[in-house]
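Notes for the one structure printed next.
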Amino acid sequence: MVPWANSDEKIKILHIDDDPSQLHFAKTFLENENPSFAVESFLTFDELLKKVNDPFDCIVSDYKMPNFDGLQICKIVKEIQNKPFILYTAHGSEEVAEMAYEIGVDDYIRKEIHPSHYKVLAKRVLQVVEKYRSEVKENEYRKRLEALHTYANEIAKTETIEGIADSSFDAITKILDFNYASFHLVKGEYLVEIACMGAELTEEYKARLDGSGVTVRAVNQRLTQLVPDSSVDSGYTAWMKDLDLLSEVAVPFMINGEVVGVLNVESEHFNAFTLEDVNLLETLVTHISSAYSRILTMEYYREEGDKWRNLLESSNEAALVIRGTEIVYANKTASKMLGYDSTSELIGLNSLDNVAEKDKKIVEERLQARQSGLEPPTRYEISLIGKDGREIPVETNVALIEYNGKPASLSFCRDLSEKRDFENKLSKLHSSSHALSNADEAQKVYEIVLETLNDVGGYEFAGIALLNDGYLKYEKTIGAKIENDWLIQLDAISVTARAFRTKKAQLVPDISLDPDYIQIPRTKVERFRTQSELAVPIIDNGNPIGVINVESKEINAFSQYDSKLVETLALHTASALRRINSKIQLEKLVE
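Shown next as structure tokens:
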């Protein structure tokens with residue numbers, strides 16, 4: 006008997022054949038070969054049909070049977086549940102095989118008399134089931150990620166930190182399916198809980214930043230804290246009444262490089278959080294940071310009047326002050342976004358001239374309403390027109406202020422071009438997941454990964470390095486050729502090695518400021534001089550197996566959106582390599 010991995014998770018197989026002896030032998034040998042298999046046998050299609058609405062993992066069907074053949078059965082059951090279907094027959098032909106694949110049969114195997122052939126059948130069953138489960142997992146992650154970006158729009162609309170917390174809790178419940186969470190802000194020397202979901206607080210949660218606690222540790226280390234078992238974590242602090250919460254994720258959120266709060270999620274189960282859950286929570290937190298930054302900024306400008314000019318000049322968001330419809334102030338970010346050489350070019354222009362035709366009416370109506378004392382919506386998405394005529398999608402947030410002693414509107418415009426570009430790239434990236442799921446060897450995976458990075462990101466250099474005999478070795482690259490003998494030690498001073506060790510993406514805007522950056526010797530590589538780098542670990546079942554690395558000759562070439570794209574691709578890569586490695590191991594066992 007072969008010692009199969011993951012045997013605790015049952016794989017339910019429905020087997021139909023009009024020969025009772027075939028059913029008996031198949032069930033006996035398959036369940037003996039793989040203890041995770043549970044085979045249910047059927048002599049007729051009517052018997053099988055009663056079970057196809059119930060949970061199962063795979064159907065194995067004979068071809069020639071009374072009343073129905075295997076192809077007819079496949080058509081019918083695929084409409085009920087589109088699960089893996091294997092045609093297992095002694096009466097096949099090339100013509101039958103071709104028809105089988107056309108209607109959706111996942112595998113086609115000829116019956117053989119020798120008992121060792123059941124090893125082949127067992128291997129092929131496991132392959133189609135693992136492929137199906139991998140595709141389901143990837144599709145589920147994609148759907149959750151897309152849903153999360155929909156919630157990002159809701160978070161961006163909120164005007165209070167409590168509103169951000171409520172929208173975040175809603176996303177955690179509906180997308181991640183977790184029921185216990187808390188929202189904390191850094192206030193002076195303390196981390197203060199301001200909202201929670203799932204239970205009452207034992208008392209006002211207020212922790213010193215120089216004290217203990219998983220959330221405090223997230224602030225001090227500026228890193229996400231994943232706690233699979235709270236009972237063995239010395240920093241764990243119970244904060245909900247009458248609840249025994251057993252695992253936890255604490256994700257810090259930052260503004261201008263400083264941690265300002267923590268989103269904390271907990272579960273009643275051990276090891277409840279997957280790496281996909283962590284990635285989704287970290288994505289959610291990027292939207293929280295953006296929304297909270299906007300709220301703090303708007304509050305300050307409302308309270309401080311004309312004292313904010315210096316802050317406006319250093320703002321990363323475009324800012325315009327409008328009196329009537331005339332632009333009376335613009336910061337440098339605004340002039341750069343709209344394509345003007347200086348802010349002075351914008352002063353005196355009619356603000357409506359920079360609004361896309363489709364949005365002019367609503368902008369003018371809200372501008373007039375606001376300056377006449379009414380309170381129209383303060384946040385909306387519109388398109389602006391740059392100096393060169395290009396259309397720029399923006400999210401604008403508006404407040405009524407005094408400028409030089411007179412009423413005016415202060416409008417912050419966040420360029421959504423990168424966000425829209427990210428959404429388009431994400432859609433393209435997920436189309437590559439299908440190609441990865443069909444790759445039958447590791448080299449093909451490397452090719453697809455790098456082609457995707459080139460097509461989606463247009464990165465100047467990209468490479469995939471995998472763990473090989475205790476070193477990281479580049480298997481394939483684009484934009485440069487690295488010699489085969491160039492190996493990276495796992496404990497080396499290296500951004501790539503750091504990504505591997507920490508299991509965290511490493512985004513380096515300027516490598517000259519990162520002490521871990523190492524330039525590959527000129528004798529080992531021919532390429533440009535790197536200025537910025539993004540290294541993302543490939544994680545399989547919680548363990549790093551490699552790194553996807555992209556580099557640029559420009560400083561600050563990569564954004565958080567790039568990081569999320571490459572992280573998503575790394576998930577698909579791990580899944581594809583796991584499936585291929587499983588196939589290789591199975592073939593060795595069969596031999």
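Sequential numbering from 6 applies to the sequence shown in the working numbering.
All C-beta atoms, glycine included, are put in the ideal place defined by N, C-alpha and C.
C-alpha distance - residue i paired with residue j, whole-angstrom precision
i	j	result
Asn554	Val256	24 Å
Ser442	Val461	18 Å
Gly391	Ala579	42 Å
Arg384	Tyr156	15 Å
Ile81	Asp112	17 Å
Leu576	Ala540	14 Å
Glu151	Ile169	19 Å
Glu36	Ala43	6 Å
Glu596	Ala127	Residue placement at Glu596 is flagged as unreliable, the pLDDT there being 49, under the threshold of 50; the coordinate-derived value follows with that caveat. Cα to Cα, the separation comes out at about 13 Å.
Glu627	Gly378	Residue 627 cannot be examined here, being either before or after the span of the chain that is shown, 6 to 596.
Ser422	Thr348	21 Å
Asp51	His274	41 Å
Asp519	Ile352	40 Å
Val221	Pro40	45 Å
Arg213	Leu285	28 Å
Pro25	Ile114	19 Å
Asn429	His435	10 Å
Gly547	Val283	12 Å
Arg129	Ser139	15 Å
Ser46	Lys588	26 Å
Ala95	Ile78	17 Å
Phe34	Trp491	47 Å
Glu281	Ser295	22 Å
Gly484	Asp59	51 Å
Ile64	His29	16 Å
Ser217	Tyr479	41 Å
Trp9	Arg506	The predicted model places Trp9 with a pLDDT of 35, which falls under 50 and marks its position as unreliable; any figure quoted below should be read in that light. Approximately 29 Å, taken between the alpha carbons.
Ala243	Gly75	57 Å
Glu488	Phe258	40 Å
Thr501	Leu289	25 Å
Glu143	Ser438	8 Å
Residue from the options whose Cα sits closest to the Cα of residue i
i	options	result
Tyr476	Gly551, Glu159 and Gly168	Gly551
Ile16	Ser252, Asp51, Gly463 and Leu131	Leu131
Gly394	Asp364, Val360 and Asn402	Val360
Asp62	Phe73, Val141 and Leu48	Val141
Ser356	Pro381, Asn321, Cys418 and Met303	Cys418
Ser66	Glu428, Tyr93, Ser41 and Lys449	Tyr93
Pro398	His292, Leu495, Arg425 and Ile589	Arg425
Lys509	Ile543, Glu446, Glu322 and Asp496	Ile543
Ser557	Leu471, Glu465, Ile516 and Ile199	Glu465
Glu400	Lys478, Asp364, Ala374 and Pro412	Asp364
Ala200	Lys211, Phe188 and Gly193	Phe188
Thr163	Ile589, Lys486, Gly484 and Tyr297	Tyr297
Leu248	Glu287, Ser499 and Ser272	Ser272
Glu322	Thr338, Gly329, Arg328 and Ile498	Thr338
Ser236	Glu263, Leu250 and Pro549	Leu250
Asp182	Phe278, Asn87, Arg503 and Tyr68	Phe278
Glu263	Val454, Pro514 and Val224	Val224
Lys569	Asn561, Ala440, Leu431 and Asp474	Leu431
Counted within 10 angstroms of its Cβ, other Cβ atoms place residue i as buried (16 or more) or exposed
i	result
Asp22	buried
His20	buried
Glu14	exposed
Ala581	buried
Lys55	exposed
Arg584	buried
Ile177	buried
Tyr106	exposed
Gln511	buried
Leu301	exposed
Asn402	buried
Pro71	exposed
Asp632	This structure cannot speak to residue 632, because the chain is shown only from 6 to 596.
Pro89	buried
Asn5	Here the chain comprises residues numbered 6 to 596, so residue 5 is not present and cannot be evaluated.
Pro382	exposed
Cβ distance (whole Å) where residue i is taken to contact residue j below 8 Å
i	j	result
Val232	Tyr241	7 Å
Gln230	Val219	5 Å
Ile516	Gln536	6 Å
Ile160	His292	5 Å
Val326	Leu415	6 Å
Tyr210	Glu194	Actually they are not in contact, since the Cβ atoms of Tyr210 and Glu194 sit about 15 Å apart, beyond 8 Å.
Contact test: residue i Cβ vs the ligand MN heavy atom, cutoff 7 Å
i	result
Gln511	The ligand MN is not among the ligands present in this structure, which contains no ligands whatsoever.
At least 3 beta-carbon pairs within less than 8 Å: the stretch 322 to 340 vs the stretch 402 to 413: For the pair of segments examined, the stretch 322 to 340 was found to touch the stretch 402 to 413: the number of CB pairs separated by less than 8 Å reaches three.
Contact between the stretch 447 to 456 and the stretch 364 to 381 (3+ Cβ pairs under 8 Å): No, they do not touch.
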